[in-house]
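Visitor:
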Amino acid sequence: MPGHDDGTLAAPAPDVDDAPPGDATRPPARSDLVRVVAVAVAALAQIVGSPLGAALPGARSVAEVSDTFATVVTPAGYAFAIWGVIFALCLAYAVYQALPAQHGRQVHRRVGWPLAVAFGANAVWEVVFPQEGVWLLVANGLILVTVTATALALGRLQDPEPTGVDRVLPTVAASLLLGWVTIATVANVAISGVHLGAPTGTALASGAGIVALVAAAAVVLDVSLRLRVAAGPFAAAAGWGVLAVALNEPPTPVRLAAWFALAVIGVGVLAQVWRTRRLVRTVLA
């Protein structure tokens, strides 16, 4: 080849597609711009979704609807302040991935669409839930979409490990969102049950609440042990929801189940730190 007098062939240039997903960069394409806009719009929609849903004719705020259909597993109202942190991180990621230099990064190509779906489904949930009636049942489907899409994104962020803002930011945002909506799913299903006529304040209701909390703790434990990074934010968000249930004065058996679930979640994080011997990666990102 020209420029190689020794007769040897030059090593082929590395294919960016063979590079680790978190590091690869390719020239931006039109599809990248569509994805970037979708993530940004969905992240903004999450922020305006709740006030928009409450402002529609005949609707009430999410908190008012939640209080109306209060269950033994409804978190205390202050627990929902976590949405402020989640929304801020989601918006920060939306802004960061919209920077021109980020459009072609492979990490955004892998997780952008799942996160856009998760943010969008959550935004629609915020509009639908306050309408009550049959829309409470529709909200269950939307929250499951959020859980599934967020879990897909977080799974794709596990390998390679986060090493920069372009990976740490979506990892922490997705981890917190998944942890919170995991517990929110329990509360949402319970509210739907009350809407359909399930009894409240009975031994049956307490039993169902105990089963739901223990099952949620088992799910959080399993996921925490599977996550190689960011198990901490996931467990912290889920644990915050469970703690808010325990402190919301449910029946004593339900309160004890909530404390047990919280202990299981904490043990899961400690076990993962012990297994991996990597405190920062497990607890933070």
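Each residue of the sequence shown is one higher than the one before, counting from 1 in my numbering.
All residues carry an ideal CB built from backbone N, CA and C; glycine is no exception.
1. Using the beta-carbon count (16 or more within 10 Å), is SER50 buried or exposed?
2. Under a Cβ-count criterion, where at least 16 other Cβ atoms within 10 Å of its own Cβ denotes burial, should ARG30 be classed as buried or exposed?
3. With H, G and I counted as helix, E and B as strand and the rest as coil, what does DSSP make of ARG228?
4. Could you tell me if GLY209 is buried or exposed, where buried requires 16 or more neighbouring beta carbons within 10 angstroms of its beta carbon?
5. Closer than 6 Å by C-beta to TYR93: which residues in its own chain qualify, once you throw out the five before and the five after it? Chain order, please.
6. Answer with yes or no whether the minimum CB distance from LEU213 to chain D is below 9 Å.
7. Assuming the contact rule is C-beta atoms closer than 8 Å, VAL181 and THR150 should be a hit. Round their C-beta distance to whole Å, please.
8. Using 10 angstroms around the beta-carbon of ARG226, count the other beta-carbons present and answer buried if the total reaches 16, otherwise exposed.
9. Count the other C-beta atoms from every protein chain shown that fall within 10 angstroms of the C-beta of VAL62, then say buried if there are 16 or more, exposed otherwise.
10. Which value, in whole angstroms, describes the spacing of the CA atoms of LEU157 and VAL128?
11. By the 10 Å Cβ neighbour count, where 16 or more other Cβ atoms means buried, how is ALA153 classified, buried or exposed?
12. Using 8 Å as the threshold, is the region 95–110 in touch with the region 58–78, meaning 3 or more CB pairs across them?
13. What are the boundary residues of the alpha helix (DSSP H) that includes ALA187?
14. Please classify ALA288: is it buried, with 16 or more other beta-carbons within 10 angstroms of its beta-carbon, or exposed?
15. Where does ALA244 land, buried or exposed, given buried means 16+ other C-beta within 10 angstroms?
16. My output table needs one value for ASP159: the three-state DSSP class, helix, strand or coil.
17. Grouping DSSP H, G and I as helix and E and B as strand, with all else coil, what is ARG255?
18. Considering Cα atoms alone, identify which of PHE69, THR146, VAL95 is closest to VAL165.
19. How close, in whole Å, do the beta carbons of ALA271 and LEU213 come, if the pair is a contact with beta carbons under 8 Å?
20. Please report the straight-line C-alpha distance between ALA118 and PHE80, rounded to a whole angstrom.
21. Quick one: what's got a C-beta closer than 7 Å to ILE143's C-beta in the same chain, skipping five residues either side?
22. Can you say whether VAL48 is buried or exposed, counting buried as having 16 or more other CB atoms within 10 angstroms of its CB?
23. Assign ARG30 to one of three DSSP states: helix, strand, or coil.
24. Cutting at 7 Å between CB atoms, please list the residues of its own chain near HIS195, excluding the five before and the five after it.
25. Under the rule that 16 or more other beta-carbon atoms within 10 Å means buried, what is GLY84, buried or exposed?
26. Roughly how many whole angstroms lie between the Cα atoms of ALA190 and GLY104?
27. Can ALA42 and LEU115 be called in contact, C-beta distance under 9 Å?
28. Since I believe LEU176 is in contact with PRO251 (beta carbons under 8 Å), could you give me their beta-carbon distance rounded to a whole number of angstroms?
Guide: This is what the structure gives:
1. buried
2. With fewer than 16 other Cβ atoms within 10 Å, it is exposed.
3. coil
4. buried
5. LEU169, PRO170, ALA173
6. Chain labels in this structure do not include chain D; a single protein chain is all it has.
7. Rounded, the Cβ-Cβ distance is 7 Å, consistent with contact.
8. exposed
9. buried
10. Answer to the nearest angstrom: the Cα atoms are 30 Å apart.
11. buried
12. Not touching, per the Cβ criterion.
13. Counting along the chain, the unbroken alpha helix (DSSP H) around ALA187 starts and ends at 165–195.
14. Any property of residue 288 remains undetermined from this structure, which presents the chain solely from 1 to 285.
15. ALA244 comes out buried.
16. The answer is coil: DSSP assigns ASP159 none of H, G, I, E or B.
17. helix
18. VAL95
19. Not really, about 20 Å apart at Cβ, beyond 8 Å.
20. 18 Å
21. TRP125, VAL181, ALA184, THR185, ASN188
22. exposed
23. For ARG30, the three-state secondary structure derived from DSSP is helix.
24. PHE69, LEU136
25. exposed
26. 43 Å
27. Against a cut-off of 9 Å, the Cβ pair of LEU115 and ALA42 comes out as a contact.
28. Not really, about 29 Å apart at Cβ, beyond 8 Å.
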